[in-house]
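Participant: Take 33 as the starting number for the sequence shown in this note's numbering and just add one per residue.
Sharing a structure, written as structure tokens. Questions coming.
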Amino acid sequence: MQVESLSVPRPLICGFLKVKDEILRGNLPMCLTNLSKVADTIVACDDGSTDGTYEELQKYVPMSQLLRVPPDKSDFQDELKHKQSMLGIVRNINPLWVWWVDGDETLDAAGTSGLREFALEALKRSEQGWRFHYTQLWR
33 MQVESLSVPR PLICGFLKVK DEILRGNLPM CLTNLSKVAD TIVACDDGST
83 DGTYEELQKY VPMSQLLRVP PDKSDFQDEL KHKQSMLGIV RNINPLWVWW
133 VDGDETLDAA GTSGLREFAL EALKRSEQGW RFHYTQLWR
């Protein structure tokens, strides 16, 4: 008797977001709302915020996918280490694409629907990444 393996479908897009004090700038709620429309899941790092950014991220990002750097430990020299930790989480999620955005970036309505369509079509091509103006999609 042959047993079929049960597999969980891979997420198409995983959002990748590293921010600090974006609530003060007024950008984060709009960014997260927009990102949630495109990404199947989000990995985020709060890099020492003191303005409620971390609490806002908790509304959109699973705790297992949310890194927090305490304000007194936020150091530019550790930025690569934090990104590598985030990528470790992404690796475990195993998405088909990773969409890296900044906390002040959003897509318009056409971009929001179009990015998912583009990501599906791009799977048929050999390129491993795409770079757009101010936003990146890679796998």
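Ideal Cβ positions, reconstructed from N, Cα and C, are used throughout, including at glycine.
Note that the structure is a prediction, hence the values are computed from the model and not measured.
Determine contact between the segment 131-141 and the segment 56-70, defined as no fewer than three beta-carbon pairs at a distance below 8 angstroms.
Facilitator: Segments in contact, yes.
Participant: Do VAL75 and ILE121 have their CB atoms nearer than 8 angstroms?
Facilitator: Within the sequence shown, residue 75 is the residue found at index 43, counting from 1. Within the sequence shown, residue 121 is the residue found at index 89, counting from 1. It is a contact, given that the beta carbons lie within the stated cut-off.
Participant: Let me make sure I understand the geometry here. Which of ASP53, LEU60, ASP83, ASP79 has the alpha-carbon closest to that of LEU112?
Facilitator: One-based indexing of the sequence shown puts residue 112 at position 80. Closest option to LEU112, Cα to Cα, is ASP79.
Participant: Measure the alpha-carbon distance for GLU159 versus HIS114 and round it to whole angstroms.
Facilitator: Mapped onto the sequence shown, residue 159 falls at position 127. Mapped onto the sequence shown, residue 114 falls at position 82. So the alpha carbons of these two residues sit roughly 27 angstroms apart.
Participant: By Cβ distance, which residues of its chain are closer than 7 angstroms to TYR86, with the 5 residues on each side in sequence left out?
Facilitator: Position 54 of the sequence shown, counted from the first residue, corresponds to residue 86. So the list reads ASP78, ARG100, once near-sequence residues are dropped.
Participant: Run the CB neighbour count on PRO127, radius 10 Å, all protein chains shown included, and call it buried at 16 or more, exposed below.
Facilitator: Here residue 127 corresponds to residue number 95 of the sequence shown, with the count starting at 1. Under this definition PRO127 is a buried residue.
Participant: Thinking C-beta only, is ASP72 closer than 8 angstroms to PRO94?
Facilitator: Here residue 94 refers to the residue found at position 62 of the sequence shown. Here residue 72 refers to the residue found at position 40 of the sequence shown. Taking 8 angstroms as the Cβ cut-off, PRO94 and ASP72 do not qualify as a contacting pair.
Participant: Would you mind stating whether SER117 and LYS52 have Cβ atoms separated by less than 8 angstroms?
Facilitator: Stepping through the sequence shown from its first residue, residue 117 is reached at position 85. Stepping through the sequence shown from its first residue, residue 52 is reached at position 20. It is not a contact, given that the beta carbons lie outside the stated cut-off.
Participant: Apply the 10 Å Cβ neighbour rule to GLY58 and answer buried if 16 or more other Cβ atoms are within range, or exposed otherwise.
Facilitator: The sequence position of residue 58 within the sequence shown is 26, counting from 1. GLY58 should be labelled exposed.
Participant: Going by alpha carbons, who is nearest to GLU54 out of ALA142, LEU155, GLU88?
Facilitator: For the purposes of this step, residue 54 is taken as residue 22 along the sequence shown, with counting starting at 1. It is GLU88 whose Cα lies nearest to the Cα of GLU54.
Participant: For GLY135, name the three-state secondary structure that DSSP assigns.
Facilitator: Residue numbering aside, residue 135 sits at position 103 when the sequence shown is read from its first letter. Residue state, collapsed to three classes: coil.
Participant: Helix, strand or coil, according to DSSP, for LEU155 in the structure here?
Facilitator: Stepping through the sequence shown from its first residue, residue 155 is reached at position 123. The answer is coil: DSSP assigns LEU155 none of H, G, I, E or B.
Participant: Whole angstroms are fine: how far does the CA of ASP140 sit from the CA of LEU152?
Facilitator: Along the sequence shown, one-based indexing puts residue 152 at 120. Along the sequence shown, one-based indexing puts residue 140 at 108. The straight-line gap from Cα to Cα measures roughly 19 angstroms.
Participant: Would DSSP call LYS50 helix, strand or coil?
Facilitator: Residue 50 sits at position 18 when you count from the first residue of the sequence shown. LYS50: strand per DSSP, three-state reduction.
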